[in-house]
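In UniProt numbering, the protein residues as written are 1 to 238.
Notes to accompany the following structure.
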Ligand code: ADP
Ligand code: MG
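What follows is the structure, given as structure tokens:
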């Protein structure tokens, strides 16, 4: 678990400013959802937290430590993407343990972590299968399993369910909520789906054109949106 703090974070690509000064405090154990229309900067912001994009200016702090220039692998994070590339020639078990093997962890510890993650995600019965023998939802669970075994302080999700069909999306949403309860970890979750945001979040951050438009609990944003944009996006009309 860790506090994540963003202070005056900006991102420019040449002359184009895509993140325009974001301040945000995320508490340890909190489930925070970034919502906003396509192109508003959700992924860019998440990728800066992950260390996959440089921060143009401002300060990122995780667990009290300044992280701007810290290697992604040393930030205590694990990220789950919308498109999750599993290794097709490896079994579920091997896919989940791969990053740990690569990092040189002892086999007994890897086996223990993979077994724990498999139990949480109800993948126990599928451990010897290969990705080609799994459904979309099962594959996405393996992708989440790969993140869980790393025991990160913070999980970052970028639209992890948007490639799944509607019914699976509902089931996975319930699983992710359960995961958050069981692991009691900090989650930063990007989506453009209002229903996902409303059902999962402790706190919703509404982004618009690279800026934070409003931050609040799902209920407070619904009941008391600051403006028409927020109202149109999640709230009832003001
Ligand atoms: P979202 O995830 O909310 O849909 P993104 O964070 O992907 O939005 O993108 C925010 C803005 O930054 C968009 O206008 C996008 O075109 C721009 N952008 C993203 N990556 C780059 C890049 N590598 N070079 C230039 N512009 C980029
Ligand atoms: Mg995106």
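No residue lacks a Cβ here, since even glycine has one placed at the ideal position from N, Cα and C.
Practice task
Report yes if the C-beta of residue 158 is less than 7 Å from at least one heavy atom of ligand 2; otherwise report no.
Solution key: To locate residue 158, count along the chain shown from 1; it is residue 158. Yes.
Handout entry: Contact test: residue 43 Cβ vs ligand 2 heavy atom, cutoff 7 Å
Key = What you label residue 43 is simply residue 43 of the chain shown in a count that begins at 1. Yes, since a heavy atom of ligand 2 falls inside the 7 Å radius drawn around the Cβ of residue 43.
Handout entry: Exposure label - residue 97; buried when at least 16 CB within 10 Å
Key = Taking the first residue of the chain shown as position 1, residue 97 is located at position 97. By the Cβ neighbour-count rule, residue 97 is buried, with 16 or more other Cβ atoms within 10 Å of its own.
Exercise for the section: Compute every distance between the C-beta of residue 190 and the non-hydrogen atoms of ligand 2, then say whether any falls below 7 Å. Expected result: For this step, residue 190 is matched to residue 190 along the chain shown. Yes.
Handout entry: DSSP state of residue 27 mapped onto helix, strand, coil
Key = Locating residue 27 in the chain shown gives position 27, counting from the first residue. Coil at residue 27, not helix or strand.
Exercise for the section: Going by CA-CA distance only, name the one from 22, 18, 47 that's closest to residue 78. Expected result: Numbered from its first residue, the chain shown carries residue 78 at position 78. Among 22, 18, 47, the Cα nearest to that of residue 78 belongs to 47.
Problem - When 201, 211, 214, 157 are compared against residue 190, the one with the closest alpha-carbon - result: Translated into the one-based positions of the chain shown, residue 190 becomes position 190. Relative to the Cα of residue 190, the nearest Cα in the group 201, 211, 214, 157 belongs to 157.
Exercise for the section: Compute the distance between the beta-carbons of residue 62 and residue 41, then report whether it is under 8 Å. Expected result: Reading the chain shown from its first residue, position 62 is the one you call residue 62. Reading the chain shown from its first residue, position 41 is the one you call residue 41. No, Cβ-Cβ distance for residue 62 and residue 41 is not below 8 Å.
Handout entry: Three-state secondary structure assigned by DSSP to residue 10
Key = For this step, residue 10 is matched to residue 10 along the chain shown. Three-state result, residue 10: strand.
Problem - Local Cβ density within 10 Å of residue 102, reported as buried at 16 or more and exposed below that - result: Here residue 102 refers to the residue found at position 102 of the chain shown. Per the 10 Å Cβ criterion, exposed.
Exercise for the section: Pull up the CB-CB distance for residue 173 and residue 200, whole angstroms please, since I reckon it's below 8 Å. Expected result: Within the chain shown, the letter at position 173 stands for residue 173. Within the chain shown, the letter at position 200 stands for residue 200. Residue 173 to residue 200, Cβ: 6 Å. Contact.
Exercise for the section: Using only the heavy atoms of ligand 1, determine whether one of them is closer than 7 Å to the beta carbon of residue 38. Expected result: As a first step, residue 38 must be located in the chain shown, where it is residue number 38. At least one heavy atom of ligand 1 is nearer than 7 Å to the Cβ of residue 38, so yes.
Exercise for the section: Could you name each continuous beta strand (DSSP E) segment of 3 residues or more that falls completely within the segment 44-129, going from the start of the chain to the end? Expected result: 57-62, 77-80
Handout entry: Cβ-heavy atom distance, residue 161 to ligand 1, below 7 Å
Key = On the chain shown, residue 161 is found 161 positions in, with the first residue counted as 1. Not under cutoff, so the answer is no.
Practice task
Go to residue 254, then tell me how far its alpha helix (DSSP H) extends in each direction, as first and last residue.
Solution key: In the structure as shown, the chain starts at 1 and stops at 238, and residue 254 therefore has no counterpart that could be examined.
Problem - Distance CB(residue 35)-CB(residue 149) smaller than 8 Å - result: Here residue 35 refers to the residue found at position 35 when the chain shown is read from its first residue. Here residue 149 refers to the residue found at position 149 when the chain shown is read from its first residue. Not a contact, by the Cβ cut-off of 8 Å.
Exercise for the section: Below 8 Å on the Cβ atoms is my guess for residue 145 versus residue 118; work out the distance and round it to an integer in Å. Expected result: Translated into the one-based positions of the chain shown, residue 145 becomes position 145. Translated into the one-based positions of the chain shown, residue 118 becomes position 118. About 7 Å; that satisfies the 8 Å criterion.
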